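Just so we're aligned: the sequence shown equals residues 201 to 453 in our numbering.
Even for Gly, the Cβ is constructed at its ideal location relative to N, Cα and C.
Note that the coordinates shown come from a computational prediction; the quantities given were computed from them, not determined experimentally.
Have a look at the structure below before the remarks.
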Amino acid sequence: MKIGKLQKNWNKFGETDPLWAVLTYDVKKNGKWNIDEFFETGEREIKEVLAHLDSLKVVVIKSKALDFGCAVGRLTQALANRFDEVYGIDIAPSMIEQAKQFNKHGGRCKYILNEVDHLSIIGDNYFDFIYSNITLQHMKPFYSKKYLAEFARILKPGGIMVFQLPSERSRGSTLTKRVARAIIPENVIEWIFHLRVRWKAALRNEPVMEMYGVQREKVIDFLTLKGVKTIETQNVSQNDSVWLSYRYYAIKI
201 MKIGKLQKNW
211 NKFGETDPLW
221 AVLTYDVKKN
231 GKWNIDEFFE
241 TGEREIKEVL
251 AHLDSLKVVV
261 IKSKALDFGC
271 AVGRLTQALA
281 NRFDEVYGID
291 IAPSMIEQAK
301 QFNKHGGRCK
311 YILNEVDHLS
321 IIGDNYFDFI
331 YSNITLQHMK
341 PFYSKKYLAE
351 FARILKPGGI
361 MVFQLPSERS
371 RGSTLTKRVA
381 RAIIPENVIE
391 WIFHLRVRWK
401 AALRNEPVME
411 MYGVQREKVI
421 DFLTLKGVKT
431 IETQNVSQND
441 SVWLSYRYYA
451 IKI
C-alpha cells in the first residue's frame, strides 16, 4: 500500500472509530472505549518502557521526545507527563485534530501532520527520546525502513529510540499450514495475505489495516548502518497474533 492510500485508510479510521483503530480489542469496537481507560493504557505503557530502560542502566534525558504514529495522542500525553517538550506525529488529519482536542499539556505538547515518507520537518539531532508502537507494522518495509533512517537522523547522539516492529509470521500450528509455508514462496504468501485483508475490508465497507514485518536480524543490521546500537530486543508478541513481534531498545552512537 502506497503512502497516499495508507493516509486515506487511517484518516477514515480516525473519522469512524479512532480509539479502536489504535487498540483493536473486539469488545471495544464501534466506539466502546472509555476515554480515561484508553489514555490510562498509554500511561502504563510509557511507565513500563521507561522502567525497563532504567533496569538496563540506560539514562534517558527527559527533554525532547517524539511519539511517531501518535494517532489521538494515547502515548504522547503520557510522554508529556515526563518530558519537557513532546511532539506527536501522524499521517492522518482526523487523528491529529482529535489529538489536539485531547491535549492536556498546552504548548509543551505539539501535534504535527506529516503526509510524506520522511521527516524533513524535523532537523538533525533534535530529540533525546523517540518512541513508536504499533505503527511501523502497518506500512510496507520500504516505508518503515525510511522512517527508521529518519529516527536515526533526528535523534541526538546518546539519545534513545524504542520502537516495535513484527519480525515474521508464525509458520502455523497445523501440519497443512506448515507444509504450505514450506513449499510456497514467501512473497506469494504475502500477496495472498494482503489480498485477503483487503477483500474482507471491502466486504465490510471498512478501511484497510495491513500488517508487515521486517526480520529482527535485518532491523538490527539496518540500525547499525545508521549509527544506532541495539541494546535489547524484547519479545512483545500477542498470544492471539500470528506475528512474532519485538520491541527494540537502541541508542545513537
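Assigned exposure category for residue i - 16 Cβ within 10 Å defines buried
{"i": "D217", "result": "buried"}
{"i": "A280", "result": "buried"}
{"i": "H338", "result": "buried"}
{"i": "D358", "result": "Note that residue 358 is Gly in the sequence shown here, rather than Asp. Classification of G358: exposed, given that the 10 Å Cβ count is below 16."}
{"i": "Q207", "result": "buried"}
{"i": "R274", "result": "buried"}
{"i": "L403", "result": "exposed"}
{"i": "S506", "result": "As displayed, the chain neither begins before 201 nor continues past 453, which places residue 506 out of reach and without an answer."}
{"i": "A299", "result": "buried"}
{"i": "K452", "result": "buried"}
{"i": "L253", "result": "buried"}
{"i": "Y449", "result": "buried"}
{"i": "D440", "result": "exposed"}
{"i": "F268", "result": "buried"}
{"i": "Y225", "result": "exposed"}
{"i": "A251", "result": "exposed"}
{"i": "L266", "result": "buried"}
{"i": "V316", "result": "exposed"}
{"i": "I235", "result": "exposed"}
{"i": "V260", "result": "buried"}
{"i": "I334", "result": "buried"}
Contacting residues, own chain, Cβ-Cβ under 6 Å from residue i (five flanking each side not counted)
{"i": "S344", "result": "L336"}
{"i": "G214", "result": "A292, S294 and M295"}
{"i": "N174", "result": "Any question about residue 174 goes unanswered here, given that the chain covers just 201 to 453."}
{"i": "H305", "result": "A280"}
{"i": "K264", "result": "E285, F327 and D328"}
{"i": "P407", "result": "N209, K212 and F213"}
{"i": "L219", "result": "W233 and F238"}
{"i": "K356", "result": "N325 and D328"}
{"i": "I330", "result": "L266, F351, L355 and M361"}
Beta-bridge pairing of residue i - partner residues as DSSP gives them
{"i": "C270", "result": "The partner list for C270 (beta bridge, DSSP) is empty, contrary to what the question assumes."}
{"i": "F327", "result": "L355"}
{"i": "T433", "result": "Y448"}
{"i": "Q364", "result": "R447"}
{"i": "I289", "result": "F268 and I312"}
{"i": "V428", "result": "K452"}
{"i": "R369", "result": "W443"}
Residues of its chain near residue i, where Cβ-Cβ distance is below 8 Å and the 5 sequence neighbours each way are ignored
{"i": "N314", "result": "I289, D290, I291 and I321"}
{"i": "S445", "result": "Q337, Q364, L365, P366, S367, G413, N435, V436, S437 and Q438"}
{"i": "V272", "result": "G214, P218, L219, V222, M295, Q298, A299 and F302"}
Own chain residues within Cβ distance below 7 Å of residue i, not counting five before or after
{"i": "K429", "result": "A450, I451 and I453"}
{"i": "N211", "result": "A292, P293 and S294"}
{"i": "E350", "result": "H318 and L319"}
{"i": "R416", "result": "S367, T433 and Y446"}
{"i": "F422", "result": "K345 and L348"}
{"i": "K340", "result": "M201 and Y412"}
Is the segment 280-293 touching the segment 224-231, taking contact as three or more C-beta pairs under 8 Å? Not touching, per the Cβ criterion.
Are the segment 269-279 and the segment 236-244 in contact at 8 Å, needing three or more beta carbon pairs? Yes, they touch.
Considering only residues of the segment 293-347, which uninterrupted beta strand (DSSP E) runs meet the minimum length of 3 residues and lie entirely inside it, listed in chain order? You should have 309-313 and 327-332.
Can we say the segment 350-369 touches the segment 408-423, given the rule of at least three CB pairs closer than 8 Å? Of all C-beta pairs linking the segment 350-369 to the segment 408-423, three or more are shorter than 8 Å, placing the two stretches in contact.
At which residue ranges does the segment 217-287 contain complete alpha helix (DSSP H) runs of 4 or more residues, listed in the order of the chain? 218-222, 235-255 and 274-280, all fully within the segment 217-287.
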